[in-house]
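Those protein sequences? They're chains A and B, same order as listed. For the first sequence, the positions run 1 to 123 when this note's numbering is used. For the second sequence, the positions run 1 to 474 when this note's numbering is used. Written below as structure tokens is the structure these notes are about.
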Amino acid sequence: MEHAPGDVREYLEAARASMRSIKQLLSQPSAEMIDQAVILLREVEIHLGCVAALLNKSLLPDLEIRTEVEELQEEVAVLARFLAQADRMLAGWLQGVRTRRGGYTDRGQAAPLILVKKVTVEG
Amino acid sequence: MGSLFSSLGSVANALQSFERAINVTQNNVTNANSPGYAAQVPVLQSQNFETEGGSSGGVTEITTDTRNQYAETAVQQQESLLGQFQQLQTSLGPLQTVFDVSGNSPIPSALNQLFQSFSQWSTDPTNADYQSSVLSAAQQTATAFQQTAAQLGQIRLATNSSTQSTVAQINQDAATIQSYNLNITKEGQPDAGLDAQLYSALDDLASQVPIQVLPGLGNTVTVLLGGQSPLVIGTQAFPIKAIDNTASNAGNPGAPPNVEIVDSNGYDITSQVTSGSLGGLIQIQNSILPSLAGGGQQVGGLNTLAKSLADAVNNVLESGSTTVTPPYQAGQPLFSYNPSSPAGIAASLTENSSLTPDQLAAASPGPPFVSNGAALQLASLDSPSNGVINGMNFTQYFSSLAAQVGNAASNASTQVTAQTQLLANTQNLRQQLSGVNIDEEAIRLVQLQSSYQAASKIVTVIDQLTQSIINMVQ
Chain A
1 MEHAPGDVRE
11 YLEAARASMR
21 SIKQLLSQPS
31 AEMIDQAVIL
41 LREVEIHLGC
51 VAALLNKSLL
61 PDLEIRTEVE
71 ELQEEVAVLA
81 RFLAQADRML
91 AGWLQGVRTR
101 RGGYTDRGQA
111 APLILVKKVT
121 VEG
Chain B
1 MGSLFSSLGS
11 VANALQSFER
21 AINVTQNNVT
31 NANSPGYAAQ
41 VPVLQSQNFE
51 TEGGSSGGVT
61 EITTDTRNQY
71 AETAVQQQES
81 LLGQFQQLQT
91 SLGPLQTVFD
101 VSGNSPIPSA
111 LNQLFQSFSQ
121 WSTDPTNADY
131 QSSVLSAAQQ
141 TATAFQQTAA
151 QLGQIRLATN
161 SSTQSTVAQI
171 NQDAATIQSY
181 NLNITKEGQP
191 DAGLDAQLYS
201 ALDDLASQVP
211 IQVLPGLGNT
221 VTVLLGGQSP
231 LVIGTQAFPI
241 KAIDNTASNA
251 GNPGAPPNVE
261 IVDSNGYDIT
271 SQVTSGSLGG
281 LIQIQNSILP
291 SLAGGGQQVG
301 GLNTLAKSLA
311 DAVNNVLESG
321 STTVTPPYQA
331 GQPLFSYNPS
341 SPAGIAASLT
351 ENSSLTPDQL
361 AAASPGPPFV
371 SNGAALQLAS
381 LDSPSNGVIN
391 GMNFTQYFSS
401 LAAQVGNAAS
411 NASTQVTAQT
421 QLLANTQNLR
431 QQLSGVNIDE
441 EAIRLVQLQS
451 SYQAASKIVT
461 VIDQLTQSII
471 NMVQ
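So, in structure tokens, the structure goes:
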């Protein structure tokens with residue numbers, strides 16, 4: 001069965017919609033929001049996988065589709081920069097917390113983080 | 001391209017807010033042990049996100065303070081009470097050494113020797129050695145009273161010096177708070193670092209004097225001493241002073257005056273200083289020390305003891321006789337003191353240096369005449385059945401003074417233990433409400449990093465996919 005370029009555009013549009021939702025979720029940085037963003041990213045991955053499969057079957061050079069994919073790639077690039085920057089900050093900050101909590105190892109690195117379970121007894 | 005710039009803008013905005021939130025967390029962890037610091041909570045609020053409409057969307061970050069005023073007030077009150085009892089405990093230590101009944105204190109041992117010498121003398125009134133022993137014991141007794149009075153005088157001086165330095169510290173803390181108010185007025189908005197310094201100064205101040213902290217204009221604080229007298233209002237501080245209340249010793253001329261705390265207008269606010277280390281010092285200086293060494297309103301236990309002893313011994317000797325046959329010669333007094341200064345009798349107590357051994361009146365002219373009657377009477381002055389002062393003999397009375405000091409010291413010690421626990425409880429409560437929990441902050445960061453790393457990996461896959469697709473449609 002031959003797929004029309006319209007099917008490819010639908011998958012691409014779905015992927016872009018998911019990307020918009022992801023950016024909205026990431027604008028509220030909390031573990032729950034990012035977990036939801038991960039689920040949506042998986043959907044984007046599936047949509048794009050479908051686009052790749054459809055294009056593999058009918059290799060139709062289409063300038064419109066190419067433009068759409070390039071725009072999507074730009075958004076992915078922005079997202080990648082955001083995530084890389086956030087990860088860099090968190091890594092640096094976690095190092096700060098580790099040194100604050102446990103000091104330094106013999107090699108001068110931050111000590112591993114050991115979270116202590118506190119028990120309070122009253123009476 | 002409009003949507004791309006919009007996306008970039010919103011993501012940059014979100015990243016900036018996120019960075020601020022991380023900075024707040026960083027401040028929290030860095031200041032976890034800073035005195036007076038209250039945890040700041042980053043509150044992130046999302047904005048409408050319209051990729052097509054041109055709105056940048058994103059997120060804004062507002063930092064809120066977790067400080068709880070009720071917990072702060074509770075800690076300050078407990079600090080104030082602990083400061084008072086700690087001061088009492090510290091100041092009563094030297095007093096306990098002076099009023100020591102275990103024999104280390106000079107008065108009980110001197111009294112014991114004096115009455116032993118009377119008893120020995122009564123067995124042979126004409127024995128020159130025994131007579132000399134009486135004079136020697138009287139000299140030791142007078143010296144013991146003088147030494148004790150001098151020690152109490154030194155304690156009073158030290159207490160007075162502590163009062164002055166405490167008042168100076170209170171004024172310094174008030175100046176720190178005034179400086180905070182000045183800074184906050186310039187900056188116009190709260191600052192967690194300044195706030196920590198302020199509450200650290202307030203805790204220090206509360207340990208010295210009872211305070212009430214009220215919110216003032218424009219994020220400043222107003223601090224009232226005892227809930228009434230202003231210490232700091234806005235950018236103005238009102239220093240207090242400790243002065244001698246010269247009117248307080250009108251009842252006993254020459255007695256050490258009471259200390260008085262006056263506000264910046266010179267009004268007496270001593271009654272408002274009910275706790276804190278200054279409250280403890282005032283209690284020592286205006287109540288406990290006068291009850292022992294004398295003051296404007298009372299003669300003092302030590303002076304009462306010195307006067308009663310001197311009068312009782314002198315009365316017996318003056319009513320006795322130095323001769324055993326008529327005409328009877330009245331004896332001379334053994335002790336003398338300055339009667340014009342009732343609160344300084346112990347300090348002025350001396351033995352009669354002009355008295356010779358043969359002038360000691362051992363006989364009681366009677367009738368009936370008893371050759372050693374006066375000496376026997378002197379020996380029995382300190383017997384348990386002889387209630388000379390408030391139903392107590394001299395040794396018992398000194399013991400009651402020592403017990404008074406001991407009880408006060410014991411109470412202060414008990415209160416310090418209880419108050420330390422109460423303060424720890426209120427500090428724990430404050431820590432739970434506004435303290436920084438490093439574990440919680442760390443857990444939050446670990447969760448965030450894990451989630452971001454997972455998202456980052458998928459984005460890499462998506463990036464590769466889009467590149468493959470672009471290659472396909474070329």
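Glycine included, C-beta positions come from ideal geometry on N, C-alpha and C. Predicted model, so just to flag it, every value in this text is computed and none were measured.
When Cβ-Cβ separations below 8 Å define contact, G108(A) makes no contact with chain B. In the structure shown, the three-state DSSP call for Y104(A) is strand. Look at the region 38 to 55 of chain A: the residues with a C-beta under 9 Å from a C-beta of chain B are V38, L41, R42, V44, E45, L48, G49, V51, A52, L55. If you keep only unbroken alpha helix (DSSP H) runs of at least 4 residues inside the region 101 to 181 of chain B, you get 106 to 123. Inter-segment contact for the region 311 to 318 of chain B and the region 279 to 292 of chain B is absent: fewer than three beta-carbon pairs are separated by less than 8 Å. Counting only residues of its own chain and dropping the five nearest sequence neighbours on each side, S277(B) has a CB closer than 6 Å to the CB of G83, Q87, T166, Q208. C-alpha of T176(B) to C-alpha of I233(B): approximately 12 Å in a straight line.
Only buried fits A402(B), as 16 or more other CB atoms lie within 10 angstroms of its CB. From the listed residues S340(B), S354(B), L355(B), the smallest Cα separation to S348(B) is found for S340(B). When Cβ-Cβ separations below 8 Å define contact, V461(B) makes contact with chain A.
Looking at the backbone, the Cα of Q431(B) and that of N258(B) are separated by about 41 Å. In the DSSP secondary-structure assignment, S321(B) is bridged to A330(B), A363(B).
With respect to the C-alpha of Q272(B), the residue from T246(B), A247(B), G301(B), I240(B) having the closest C-alpha is I240(B).
Counting the other Cβ atoms within 10 Å of the Cβ of R67(B) gives 16 or more, which makes it buried. Exposed is the label assigned to A53(A), since fewer than 16 other Cβ atoms lie within 10 Å of its Cβ. In the structure shown, the three-state DSSP call for Q40(B) is strand. For A247(B), there is no enclosing alpha helix (DSSP H), as DSSP gives it neither H nor E. With its beta carbon less than 8 Å from one in chain B, R66(A) belongs to the interface. Under the DSSP definition of a beta bridge, K457(B) lacks any partner.
In this model, L41(A) and P112(A) are separated by some 31 Å (Cα to Cα).
Counting along the chain, the unbroken alpha helix (DSSP H) around V38(A) starts and ends at 31 to 57. Residue pairing for K241(B): DSSP places it in a beta bridge opposite V262(B).
Between A418(B) and chain A, the shortest Cβ-Cβ separation is not below 8 Å. For I389(B), there is no enclosing beta strand (DSSP E), as DSSP marks it with neither H nor E. For A80(A), at least one C-beta of chain B is nearer than 8 Å to its own C-beta. For D7(A), no chain B residue has a C-beta closer than 7 Å to its own C-beta; the minimum C-beta separation is roughly 14 Å.
In this structure N393(B) is buried. Its beta-carbon is surrounded by 16 or more other beta-carbon atoms within 10 angstroms. Taking the Cα positions, P230(B) is about 45 Å away from N338(B). Using a Cβ distance threshold of 8 Å, L465(B) and E70(A) do not count as a contacting pair. Scanning chain A for C-beta atoms nearer than 7 Å to the C-beta of Y452(B) yields I34, L83, A86, D87, L90, reported in chain order. Looking at the DSSP output, P230(B) bridges to L224(B). Scanning its chain for C-beta atoms nearer than 6 Å, with the 5 sequence neighbours on each side dropped, one finds around S162(B) the residues L281, in chain order.
Distance from the CA of Q154(B) to the CA of T90(B), rounded to the nearest whole angstrom, comes to 15 Å.
Around the C-beta of Y37(B), 16 or more other C-beta atoms lie within 10 Å, and the residue is accordingly described as buried. Spanning the alpha carbons of A374(B) and Q415(B) requires a straight line of approximately 50 Å. Close partners of Q447(B) in chain A (Cβ separation under 8 Å): A31.
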